[in-house]
Every structure is written in C-alpha cells, then in structure tokens.
Amino acid sequence: MSDGTATPAVVRVEGVTKTFPRGNVTALENIELEVAPREFVSLIGPSGCGKSTLLRVIGDLIEPTAGTVRVNGKSARQARRDGGYGIVFQEAVLYDWRSIAKNIALPLEMLGWSRRRRRERVAEMLELVELTSFADHHPWQLSGGMQQRVAIARALSFEPSLLLMDEPFGALDEMTRERLNLELLSIWEQTGNSVVFVTHSISEAVFLSSRVVVMSPRPGRIAGFVEIDLPHPRTVETREAPRFFELVTEVRELLRRRGEHLLPEEEAVLE
Amino acid sequence: MTLRPRIGVVVEWLPPLVVFALVVGLWEGLVRALHVQQFLLPKPSTIISVFWTQRHVLWPAGWYTFKEALGGFAIGSGAGVVAATVVGRFRTAGQALMPIFIAANAVPIIAFAPIFGAWFNPIQPQSKMAIAAVLCFLPVMVNTLRGLQSARPRQVELMRSYAASELEIWRRVRVPTALPFLFTALKVASVLSMIGAIVGEYFGGAMNALGVTINTDAQIFQFDAAWAGILVASLLGIALYSAVVVAERLVVRWSPEARVS
Amino acid sequence: MSNAAAVVRSPPARRRRASVVGGLARAGLVALVAAALVGFWELYHWVWVSTGWTWPFVVNDTSMPHVWTIYHAFGQPAQVNQPALINVLLHKTAFTAKEAAAGFGLGALIGFALAVVLAQVRLLQRGFLPYIVGSQTVPILAIAPMVVLWVNPRLPGSLQGWGAVAVIATYLTFFPVTINTLRGLQSADPRALELMRTYAASRWAVLWKLRVPASLPYLFSALRLAATASVVGAIIGELPTGLQDGLGGAIINFNQYYSIEPQELWATNVIAAALGIAFFVIVVLAEKAIVRRAPEETA
Ligand SMILES: Nc1ncnc2c1ncn2[C@@H]1O[C@H](COP(=O)(O)OP(=O)(O)OP(=O)(O)O)[C@@H](O)[C@H]1O
Ligand SMILES: [Mg+2]
C-alpha cells in the first residue's frame, strides 16, 4: 500500500496459466483475479479444477507457466520472502518431530519472536482451536480434524496480511466447523487481513465471503463471480436470512451452468 | 497406579528371559544327555566358568578389540554422514554417484580384510579400524542420504512459505526426517564394526586381541576358551548395539515407537 | 495410484524402447564409473608416490599394484603348470557362488517363515526377537570351524565340504530377511486391517491377502541385502575351513604371497567384488520380473 499503485490490490493475478508437464495437464488457463484489502474471497468449483494450484501459484510455491502474480504490490517471490502470507494446506502438514505447541510456534520462530511472546501466542492459539490440553502431544497422537486445527492455528498465529486457506475445515465436524467459521470471521474483522479461501461447501463460501469465485474444470477457468452483500457482522442468524438462500442459489446456478453434471456437494461425497 | 509400569516391564522382559532360560537349559541338558564332545559344543556352564577363570586374558582382549571396533564405527559412520550430507546437498552429483554407492554396497568388503592388513601394520589397531570403518561407511551413507531425500514435499513447501533458506529447511525438516534412517543404519553398523574388527584380526593382529585369542584357542582345540571368547565378542557387540538403541530413544523421541507418556 | 495407471496405459512398444535406451545409458554409466575408478586409483598412486606421502599408508607397487599389473595377472598362471589365473578363479567363483546361492535360498526361506511366525504370535516375537538381533553379533568367523566340524559329517556325500559353508551363508542371510519382512508384515495399513475385520476375514486370509502383499517391497529390499550377505557368508565360511575350492581359500592362499605378488590377491578380490555385485543385480532383475509395478519412487 505504501508504494501508491493505482489500485492497491493485495493479490493481483494476471493472465496466469499453469500447465503441468507431467501428464500435460492444463490446471489453470488465463486466470484474472484481484483481491482487495480486507476482502474475503472464496474459490469454489468441482474437484480438480485447479483451486489448490491457484493458491500455490499465489503463494509462489509453484511458478505459473505464463502470466504474473503480485502480492501487496510486490512480486509473489518477494512477498513470500517478506513473510507476506500464511497458508493452510488441504491436508494438515505437521512436523512429526515437533510437539503441537512447537508446530504452532514454528513460523514465530522463523520470524524471530522472543520466547515469551511465542509462548503467549501459542497458548492463545491453542485455546482458539480448543487443543490446550494437547500442547505437548505429538501429531500422530491427534485425529485428522485435530491436526487440521493445529495447522489453522499455525497459519493464524503470526497474523499475516494475507491468508491462503485450502479447504481448511473440510475434515471437521459440522459444529466445530460452524464455530471456527465464526472465529475466522471475527479474526478477519479484527485484523483486517485478506483471505483467499477454498471450499467445496456453497453455504460456507456464501457465509464467509465478500465475494465468491466460481471455477470450472479442464482447463481450470474462472466461470464467474458472485458478490456477497450480506451485512456484517455475520451471525448464526445470517444463515437463516432469505438473502443468504438467494445467494446460495445464485452460486449453485453458476456452478451448474458450466455444464457440470454433478453438484459440487455430490462431487465432494464421491471423493 | 504404581503397579502399571511394573506390569509393563514384566510383560516386556519376561518372554526374552523365559526364552533365555529355556535355550540355555536345553543346550546344557542335551550336551550332557547326548555326551556331545566338547570340541563340537561345550556346555554353557563350562563356557561361563572359563569366561570367569580366564577373565584376565579374555576381558582385556575384548576391550582391545572393542576399541578397534569403536574407532572404526566412529570414523566410518562419521564419514558416512558427512558424505551423505555433501552428496545430498548437490542433487545431480548425488544422482550420478548413487549407482556407485549401491554397487559398492554389494561388494563383499570382508574379502578385502587381508589387504588392509598389508596397507597398515597388521599389529597396529589402525588396520582393524580401517576395515570396520569401511564396513560401516556404506550403509550409513546410503541410508542417511535416503533419509535426507525423503522429506515430504508439502513439509518443504510450508517452510518455503515462511521464506526459509535452504539451510533452514535442511536443519528443521531434512535432518529430523533423516534421523530415524540414520539410526537404523547405525544399528547395522554397530554390529558390522565388531565383526569387521574380528575378521581383520583373523588375518593377523596383536597377540592380545580377541580375534587372535579365539583363533589360537580354536587351533589348539581349546574350544571352551574359544567359546568364552565368542561370548565376550557377542556381549560387546550387544553392548554397542544397545547403546545405539538408547541413543535412538533419546534422540528420536517423537516417534510412536518411543512411546513416552 | 496414478503412476501405476500411467504405466499400464503407455503402449508396450514405447516402454520397450525406453527400457533399451535406459539400459544403454546405464551400461554407459557403468563403463564411465569403472574408468573413473581406474583413473582415481592410478592418480592416487602417482600423487602419493611422487610426493612421498605416507598417510594413511605407504603407497608403492605392493600396497597398490598398477591396474595393468592386476589385469595381466589374470592371464598368467599363478603357479607353474597351472592354467591361467582367470580360469582358476572362475572355477573357484563357481564353487563359492554355489555355496552362496544355497545359503541365499535357505536363508530367504527360513527368514521369511520365521518372520511370518513371529508376526502371528506376539509372545514369540517378544521372546525371540532380541536373540535374533543378538545372533548377528556372534562373530561367525569364529564359530565357522566348529560349524564345519558339526555339520559336515552329517551331510550326504555330494554336499560334504561346501554344505557346511552354505549353512554359514544361511546364518548371515536369514537375518535381514526376517527383520525386514517382519516390519513389512506389520506395516499393513491399519484401515485396511479394519476393513478386513468387517469382512470377518480369518487370520490366514488377513495374512495372505493383506500382510504378505504389504510386506513384499520390504522383502525385496531385504533380499537385496541378503544377496550380498550370502556371498560374504560363503567367503567367511571358507576362510577357516581350509577349503581350497572357493574364493575364500584363494584369498588365504594369495594373502601368504602378498609381499611378492600382490596382484594375485587383488585379482581375486576383484572377482569376489564382481560376484557380490552379480548376486545383487540378479536379485534386482528378478524383482523387476516378478513385481510388475511402477518403478520405485523412494530414492
Ligand atoms: N504436481 C502436479 N503434477 C501434475 N498434475 C498436477 C499436479 N498438481 C495438480 N495437478 C493437476 O492439476 C489439476 C488441478 O489440481 P488441483 O489440485 O489444483 O485441483 P483442486 O481444484 O484443488 O481439486 P480438489 O478440490 O479435489 O482439491 C488436476 O487435474 C491435477 O491432476
Ligand atoms: Mg485441492
């Protein structure tokens, strides 16, 4: 924001194409996407349409075949070097040799936080994901959903200005999922960061987002956008508002119109 | 509450002890009952008593050979870890060199034992250390390299997302991943080093070395003494192996096998 | 999964061509490596001799004979009125290979059976595993003479002499097979095990349909280790038995003349190394032929 470009987008993806040489798969084709400051963008689309790939391109974990990605006005590479984002992968990526607390503390260590600050923040985060009593356990002692909560806590711990989340709540039960949805929203409202969020759940996308990006597969393209104009703060009642259902239907229509035989939920079940 | 761990200890130790008692008892009984000549197989009781009466010869001899084995173990394993680190750092070099190491690993190094005796003075412990070191080097090197290369791609990617340098990724991800591989190799190497030292001594060594003692005893048909010497060698081998196991439990504490409460 | 699928889909002709190219490349690599080793050997010899360095050992034509000296030794008889050394060594190699092969087969069978039993009965595993590990700390070279005295008289005539050595090779071979197979049998995916339980599968069915297939990769990596171990066992077994027909006997014999004709011991060792590598390669090829699956991705 300091470098005064015309539109201070947090993420700007321009004409990005990604082809994997192995199997010659075009995972993404000519993607144009901008994420404004404080925006919460959800990516939704059938399995294999390139959502994870797009996230990894934004995070500079893989390089696009064509096109450019800028994050906070810098190249994606520079942004990564500056610790510009936190990421949660589709599966919990934990380090077996570190305790739960130490897994959460890892990015803080890398950022050079003092031991005391680290301990305090880790305690807060453990409380947030309700894993305080598991601080000294090792990852193999936790269930899949618990592991995913650790990964979420770790990504949130250093309050990055950009959060990239790949189906973070996919492995959780409905109750935990709704609670963490609310927690994520309140964190987002407090810290004012931007979020790019991948999900298979239309209602989750609508509930959380400022904007939903619908993608279509083979090759991965953006099929359309749905602006979510639900008021903030969003609460349990938001899910019961008539407008909520209208928006859910709108996203569903957009997904269906792209010639997909299956609804995303059904796809998700089939996985 | 206090009973629990005791039961655990009993469950862990009882079966091996029972097996030990059974095997030794059977051995003793059969040798007595069938009047097996002692050059074929002495009784355990005889072996133990010689183990004790000859302690002034056998134990120092064992210690002498153990030092050779330990030296070879340290040098060979150390060199193996260093080599794996260097080769792992340069991927293309590693891929080009890997077939050589695999082939070298298939060579019966033991056949080269007499040459080490000719290279170094066979009376000096260095020649035995050299064999033990060469025997230890390859498994440690190959396994460590495999360990360094088996970090999960997503774990490395996450470190990249934190802008970690290659060095940091190496320290925080690759090394911890490689540790269980390293210890597997060190266990193998601990046994090999002792065998290497004794085989080396077979082709000539100091008079007070265990391998030489066993060999001489066998040649003059003192089989009870030879078996007592073999017992010393096994005990020392087991001691070195156990030391590695303990070190593994201390270092690789996170793994499910460590089972710390 | 997707890898296996890709391999199945690719047309056989392309695969064959790829494997021919790969084979040529590998042969080239082997030649290159051999050349590099020879070059290194001679360079080391030259540098150490010309500088007079004596660390870690003194280099001269006895400690490190020239490669061509060793090469010529193959063509010459080791003793008067004998065929060329290479012919003698090949005969001895065949003898040692016979011992090693017998030891390998026996050791693999015993090792596998032992692993299956130990995997099925936890109590036996607890009781015996420490001693199976401990068995390898026994210096086999030291008991070899006694094994020979014990085993030989009990063997039928055709096995006398080399049979005892094969037993020693077995002793070194079974161990990696047992340990690795046991790990493999226990590595079956717990969810797959639970699925078998929902089918009310018998112990036997679980063993053959789940545990044994899961252990196969472990078994083959163990057999690769065992291939070398069996050759080592055969050579070690020959050393103290005074058996003159194998490579171990040749090593003892030529060791006595090392100060005069070092090239003969070296020539023998080169052959021994080749035998070890040959055993290893045979196991690898057998694995490729038996397990038609995607090439290993673990390295
Ligand atoms: N490393 C890779 N190598 C080759 N192809 C890949 C690789 N990663 C992804 N792909 C391919 O790219 C396409 C998009 O994959 P991606 O993981 O981005 O999908 P996704 O939208 O996240 O799917 P899901 O909802 O199932 O997670 C797929 O067809 C996949 O096969
Ligand atoms: Mg995905």
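Just so you know, the protein sequences line up as chains A, B and C, in that order.
Under my numbering, the first residue of the first sequence carries the number 1, and numbering increases by one thereafter.
Under my numbering, the first residue of the second sequence carries the number 1001, and numbering increases by one thereafter.
Under my numbering, the first residue of the third sequence carries the number 2001, and numbering increases by one thereafter.
Even for Gly, the Cβ is constructed at its ideal location relative to N, Cα and C.
Bear in mind that the values here come from a model prediction, so they are computed numbers and not experimental data.
Of the listed residues the options, nearest to residue i (C-alpha basis)
i: C/Tyr2071; options: C/Ala2035, C/Glu2264 and C/Phe2280; result: C/Glu2264
i: A/Arg252; options: A/Phe197, A/Ser216, A/Glu240 and A/Ala76; result: A/Ser216
i: C/Val2165; options: C/Ala2078, C/Ala2036, C/Thr2241 and C/Ala2267; result: C/Thr2241
i: A/Glu124; options: A/Ala153, A/Asp136, A/Ile222 and A/Arg22; result: A/Ala153
i: C/Gly2246; options: C/Gly2161, C/Phe2220, C/Glu2194 and C/Leu2285; result: C/Gly2161
i: C/Ile2110; options: C/Thr2051, C/Ile2179, C/Pro2262 and C/Phe2280; result: C/Ile2179
i: A/Glu228; options: A/Ser209, A/Arg98, A/Ala241 and A/Ile222; result: Before going further, note that residue 228 of chain A is Ile rather than Glu in the sequence given. Ranking A/Ser209, A/Arg98, A/Ala241 and A/Ile222 by Cα distance to A/Ile228 puts A/Ser209 first.
i: B/Ser1242; options: C/Pro2145, C/Val2030, C/Gly2134 and C/Ala2267; result: C/Gly2134
i: A/Pro46; options: A/Arg218, A/Leu230, A/Met146 and A/Ile31; result: A/Arg218
i: C/Gly2184; options: C/Leu2118, C/Glu2194, C/Arg2126 and C/Ser2202; result: C/Leu2118
Chain C contact for residue i (CB, 8 Å cutoff)
i: B/Arg1253; result: no
i: B/Ile1100; result: yes
i: B/Val1199; result: yes
i: B/Phe1073; result: no
i: B/Ser1045; result: no
i: B/Met1141; result: no
i: B/Ala1106; result: yes
i: B/Leu1040; result: yes
i: B/Leu1060; result: Note that residue 1060 of chain B is Pro in the sequence shown, not Leu. No, because no Cβ of chain C sits closer than 8 Å to the Cβ of B/Pro1060.
i: B/Met1207; result: no
Residue i: first and last residue of the uninterrupted alpha helix (DSSP H) it sits in
i: A/Thr176; result: Glu174 to Thr191
i: A/Thr65; result: No alpha helix (DSSP H) holds A/Thr65; DSSP gives it neither H nor E.
i: B/Ile1115; result: Ala1113 to Trp1119
i: C/Met2064; result: Per DSSP, C/Met2064 belongs to no alpha helix (DSSP H) and is neither H nor E.
i: C/Thr2170; result: Trp2162 to Leu2185
i: C/Asn2253; result: Leu2247 to Gln2256
i: B/Thr1085; result: Arg1055 to Arg1089
i: A/Gly15; result: That residue, A/Gly15, is in no alpha helix (DSSP H); its beta strand (DSSP E) goes Val11 to Phe20.
CB contact below 8 Å: residue i versus chain B
i: A/His138; result: yes
i: A/Leu306; result: Nothing can be reported for residue 306 of chain A: it is not among the residues displayed for chain A, which extend from 1 to 271.
i: A/Gly4; result: In this prediction, A/Gly4 has a pLDDT of 46, which is less than 50 and means its spatial position is unreliable; nothing more can be read from the coordinates.
i: A/Leu61; result: yes
i: C/Ala2286; result: no
i: C/Gln2136; result: yes
i: A/Pro107; result: yes
i: A/Met110; result: yes
i: C/Val2080; result: no
i: C/Tyr2131; result: yes
i: A/Val93; result: yes
i: C/Val2148; result: no
Bounding residues of the beta strand (DSSP E) (the contiguous stretch that carries residue i)
i: A/Phe197; result: Ser194 to Val198
i: C/Arg2203; result: C/Arg2203 -> not in any beta strand (DSSP E); alpha helix (DSSP H) instead, spanning Arg2203 to Val2206.
i: A/Ala223; result: Arg221 to Glu227
C-beta contact flag for residue i and residue j at 8 Å
i: C/Ile2235; j: C/Ala2272; result: yes
i: B/Ala1061; j: B/Thr1144; result: no
i: A/Glu189; j: A/Pro233; result: yes
i: A/Tyr85; j: A/Val71; result: yes
i: B/Leu1058; j: B/Val1232; result: yes
i: C/Pro2139; j: B/Ile1047; result: no
i: A/Ala92; j: A/Gln148; result: yes
i: C/Ala2073; j: C/Leu2085; result: yes
i: A/Val13; j: A/Pro37; result: no
Test: residue i CB closer than 8 Å to a CB of chain A
i: B/Ala1163; result: yes
i: B/Glu1012; result: no
i: B/Pro1176; result: yes
i: B/Glu1166; result: no
i: B/Leu1158; result: yes
i: B/Gln1155; result: yes
i: B/Glu1248; result: no
i: B/Arg1259; result: Because B/Arg1259 carries a pLDDT of 42, less than 50, the predicted location of this residue cannot be relied on, and no value is offered for it.
Whole-angstrom C-beta distance between residue j and residue i, which should lie under 8 Å
i: B/Leu1040; j: C/Leu2149; result: 6 Å
i: A/Leu108; j: A/Ser157; result: 6 Å
i: A/Gly59; j: A/Leu184; result: No, A/Gly59 and A/Leu184 are not in contact; Cβ-Cβ is about 18 Å, not under 8 Å.
i: A/Asp166; j: A/Val198; result: 5 Å
i: C/Ala2278; j: C/Phe2104; result: Their Cβ separation, rounded to whole angstroms, is 12 Å, which puts C/Ala2278 and C/Phe2104 out of contact at 8 Å.
Subject >> Where the region 68 to 90 of chain A meets chain D: residues whose CB sits under 8 Å from a CB there >> reply: Among the protein chains in the structure shown, which are A, B and C, there is no chain D.
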